[in-house]
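Asks: If you read the protein sequences in the order shown, they are chains A and B. Note that my numbering has the first sequence beginning at 23, numbered continuously upward. Note that my numbering has the second sequence beginning at 23, numbered continuously upward. Where is the CB? At the ideal position from N, CA and C, for every residue including glycine.
Protein chains: 2
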Amino acid sequence: MIVMRYPEGHKDEVHDRIVKSTSQALRSHGLGGISIPALMKRAGLTHGGFYSHFPDRDALVAEAISAAAAETAEHVFGDDQQLPDVLDRYLSRSHLDHPTHGCVLAALGTDGARQPAQVRRAFSEAARGMLRLLERKLHPKKPTASLSDETLARASMMIGAVVLGRLVNDAPLADRILEAARKHSSD
Amino acid sequence: MIVMRYPEGHKDEVHDRIVKSTSQALRSHGLGGISIPALMKRAGLTHGGFYSHFPDRDALVAEAISAAAAETAEHVFGDDQQLPDVLDRYLSRSHLDHPTHGCVLAALGTDGARQPAQVRRAFSEAARGMLRLLERKLHPKKPTASLSDETLARASMMIGAVVLGRLVNDAPLADRILEAARKHSSD
DNA sequence: GATATGCCATTATGATCGTCATGCGATACC
DNA sequence: GGTATCGCATGACGATCATAATGGCATATC
Chain A
23 MIVMRYPEGH KDEVHDRIVK STSQALRSHG LGGISIPALM KRAGLTHGGF
73 YSHFPDRDAL VAEAISAAAA ETAEHVFGDD QQLPDVLDRY LSRSHLDHPT
123 HGCVLAALGT DGARQPAQVR RAFSEAARGM LRLLERKLHP KKPTASLSDE
173 TLARASMMIG AVVLGRLVND APLADRILEA ARKHSSD
Chain B
23 MIVMRYPEGH KDEVHDRIVK STSQALRSHG LGGISIPALM KRAGLTHGGF
73 YSHFPDRDAL VAEAISAAAA ETAEHVFGDD QQLPDVLDRY LSRSHLDHPT
123 HGCVLAALGT DGARQPAQVR RAFSEAARGM LRLLERKLHP KKPTASLSDE
173 TLARASMMIG AVVLGRLVND APLADRILEA ARKHSSD
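#1: Measure the C-alpha to C-alpha separation of lysine 42 of chain A and histidine 75 of chain B and round it to an integer number of angstroms.
#2: Could you have a look at valine 98 of chain B and say whether DSSP puts it in helix, strand or coil?
#3: Just checking my contact of histidine 51 of chain B with proline 59 of chain B at CB under 8 Å: how many whole Å lie between their CB atoms?
#4: Quick check on the burial criterion: 16 or more other C-beta atoms within 10 angstroms. Buried or exposed for serine 116 of chain A?
#5: With a threshold of 8 Å, are at least 3 pairs of Cβ atoms found where one atom belongs to the segment 103-118 of chain B and the other to the segment 136-146 of chain B?
#6: Excluding the 5 residues preceding and the 5 following glutamate 85 of chain A in the sequence, name in chain order all residues of the same chain whose CB lies nearer than 7 Å to its CB.
#7: Using a Cβ-Cβ cut-off of less than 9 Å, give me the residues of the segment 39-60 of chain B that come near chain A, in sequence order.
#8: Taking CB distances under 8 Å as the criterion, tell me whether serine 116 of chain A reaches chain B.
#9: So valine 190 of chain A contacts chain B; which residues on that side make the cut at Cβ distance below 9 Å?
#10: Would you say alanine 62 of chain A faces chain B, with C-beta separation under 8 Å as the test?
#11: Touch check for the segment 147-165 of chain B and the segment 81-98 of chain B: three-plus C-beta pairs under 8 Å?
#12: Closer than 6 Å by C-beta to arginine 27 of chain A: which residues in its own chain qualify, once you throw out the five before and the five after it? Chain order, please.
#13: Nearest-angstrom Cα distance between leucine 169 of chain B and proline 77 of chain A?
#14: Looking at chain A, is there any beta carbon in it that lies within less than 8 Å of the beta carbon of serine 74 of chain B?
#15: Can you tell me the Cα-Cα spacing of isoleucine 56 of chain B and threonine 44 of chain B, whole angstroms?
#16: Give a yes or no on whether the C-beta atoms belonging to isoleucine 181 of chain B and leucine 186 of chain A are separated by under 8 Å.
#17: Measuring only the C-alpha atoms, how far is glycine 134 of chain A from alanine 128 of chain B?
#18: Within 10 angstroms of the Cβ of proline 121 of chain B, are there 16 or more other Cβ atoms? Answer buried if so, exposed if not.
#19: Do you know how far the Cα of leucine 82 of chain B is from the Cα of histidine 37 of chain B?
#20: With distances taken between CB atoms, is the gap from leucine 113 of chain B to leucine 200 of chain B smaller than 8 Å?
#21: When the Cα atoms are used, what is the spatial distance from serine 146 of chain A to valine 190 of chain B?
#22: What separation, rounded to the nearest whole angstrom, lies between the Cα atoms of isoleucine 24 of chain A and glycine 54 of chain B?
#23: Cβ closer than 8 Å: which chain A residues qualify as neighbours of aspartate 133 of chain B?
#24: Kindly list the residues whose CB is nearer than 6 Å to the CB of leucine 48 of chain A, restricted to its own chain and excluding five residues on each side of it in sequence; keep chain order.
#25: Could you check what DSSP says for serine 46 of chain B in three-state terms: helix, strand or coil?
#26: Check whether the Cβ atoms of leucine 109 of chain B and leucine 160 of chain B sit closer than 8 Å, and answer yes or no.
#27: Got a sec: is the Cβ-Cβ distance from aspartate 171 of chain A to anything in chain B below 8 Å?
#28: One question on the structure: do alanine 148 of chain B and serine 178 of chain A come within less than 8 Å of each other, judged by their Cβ atoms?
#29: Determine the DSSP secondary structure at arginine 136 of chain A, reduced to helix, strand or coil.
#30: So, alanine 175 of chain A versus histidine 123 of chain B, is the Cβ gap smaller than 8 Å?
#31: Just mark glutamate 35 of chain B as buried or exposed, buried being the case when its beta carbon has 16 or more other beta carbons within 10 Å.
#32: Quick one: which chain A residues come within Cβ less than 8 Å of arginine 198 of chain B?
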């Protein structure tokens, strides 16, 4: 029997708070763009206690990636969202302007393949998760878990459009990119 | 009249060597994944002379981004490449496996929007350049410089497919993503 | 050949990083 | 209420970073 010296679940709450705020901070500052002290400060703590919550920085990053993916799964691919809603949300100016609460693949994707195994795995799982969710929206009836070419191509275009739209220093062009992707996604 | 103490154009050659090797190093290690000393060492120098070539790190990074974009423009979008060749090269396993010599947008794109103005501008120009080149391949006759929706959507899918293909920890799935993007790009 | 000078190496500086050891205050159990 | 102990803060460590000053060597001119 483990004795709890703090309110039951207190540490878990703090742990979650660190992971959640980190998942946002990473999306807006980049995977290596924010330090442990800064991340802890955002969670209302100092850097001291960090290593009682995570073995190292990568462990937190990996958890934060997964948390971000779960957030998008809920907000964009939720059960009550139909395919057109999914496309409208993902391919929206609001998504472009707020990477902090947006898709982690579009925000940090190009860094994923360069990360240590632990973090890389989290990215890979996030990608497969998004593909599965999109497949379900495209083919709600089919019970199969396999991914169609249509899903793979559309997911690519969605991610690419957000990446490209954020890159071009030209709001009207960015809007046209989103629009073009929406059109070609729902032909 | 400027007196040259080293062989004429020597400094320019060294400058180019630093930029070229940096453009490769950044694509394989990330924008912030390699230090000035390491970058200079790759060019066969020590870090000492760095600031006689560039005002600061961002200036080198910006030049390296532009150099990488020019390399891809030549290797993938060269004048002798037809549209199917362009798609085959961009959406290939070889491209997936060798980001060092691949498209800078697919390798570093998600970091671009977070960079200081100088670097951001280089990314934005690289993106517009790729869009222009793709437009020309899609509509070789049209003299207009405007970008069609088709170009915007296809460019998005191409970039997204490479990003996604590199992310998933599963070679067969990555190949299917590339294939799906090729199919949907040349329907 | 002597000299002036451009180019790069050596070295230094201050800041910040990830990581870790230690200590204090708060809390749950007896 | 006393006490053991959990969670976090304080502070420190070595490493590494971007940046900068200085000096030596190689070379083009005379």
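Replies: Based on what the coordinates show:
#1: Using only the alpha carbons, I get a separation of about 42 Å.
#2: Looking at valine 98 of chain B - three-state DSSP - the assignment turns out to be coil, as it is neither helix nor strand.
#3: The Cβ separation is near 13 Å, so there is no contact.
#4: exposed
#5: no
#6: Val41
#7: Ser50, His51, Gly52, Leu53, Gly54, Gly55
#8: no
#9: Phe145, Ser146, Ala149, Arg150, Leu153
#10: For the record, residue 62 of chain A in the displayed sequence is methionine; it is not alanine. For methionine 62 of chain A, the closest Cβ of chain B is not nearer than 8 Å.
#11: yes
#12: Unreliable positioning characterises arginine 27 of chain A in this predicted model, as indicated by a pLDDT of 46, which lies under 50. The coordinate reading is nonetheless provided below. Once the five neighbours on either side are set aside, arginine 27 of chain A has no close Cβ partner at all.
#13: 49 Å
#14: no
#15: 9 Å
#16: yes
#17: 12 Å
#18: With a threshold of 16 other beta carbon atoms within 10 Å, proline 121 of chain B meets it and is buried.
#19: Each residue's alpha carbon lies about 10 Å from the other.
#20: In this structure, the beta-carbon distance from leucine 113 of chain B to leucine 200 of chain B falls below 8 Å.
#21: If I take the Cα positions, the gap works out to 4 Å.
#22: For isoleucine 24 of chain A, the pLDDT reaches just 37, beneath the cut-off of 50, and the residue's location in the model is therefore unreliable, although a value from the coordinates is still provided. So the alpha carbons of these two residues sit roughly 43 Å apart.
#23: Gly52, Thr132, Asp133
#24: Ala86
#25: Serine is not the amino acid found at residue 46 of chain B; the sequence shown has glutamine there. Looking at glutamine 46 of chain B - three-state DSSP - the assignment turns out to be helix.
#26: The Cβ-Cβ distance between leucine 109 of chain B and leucine 160 of chain B does not fall below 8 Å.
#27: yes
#28: The Cβ-Cβ distance between alanine 148 of chain B and serine 178 of chain A does not fall below 8 Å.
#29: Arginine 136 of chain A: coil per DSSP, three-state reduction.
#30: no
#31: exposed
#32: Leu169, Asp171, Leu174
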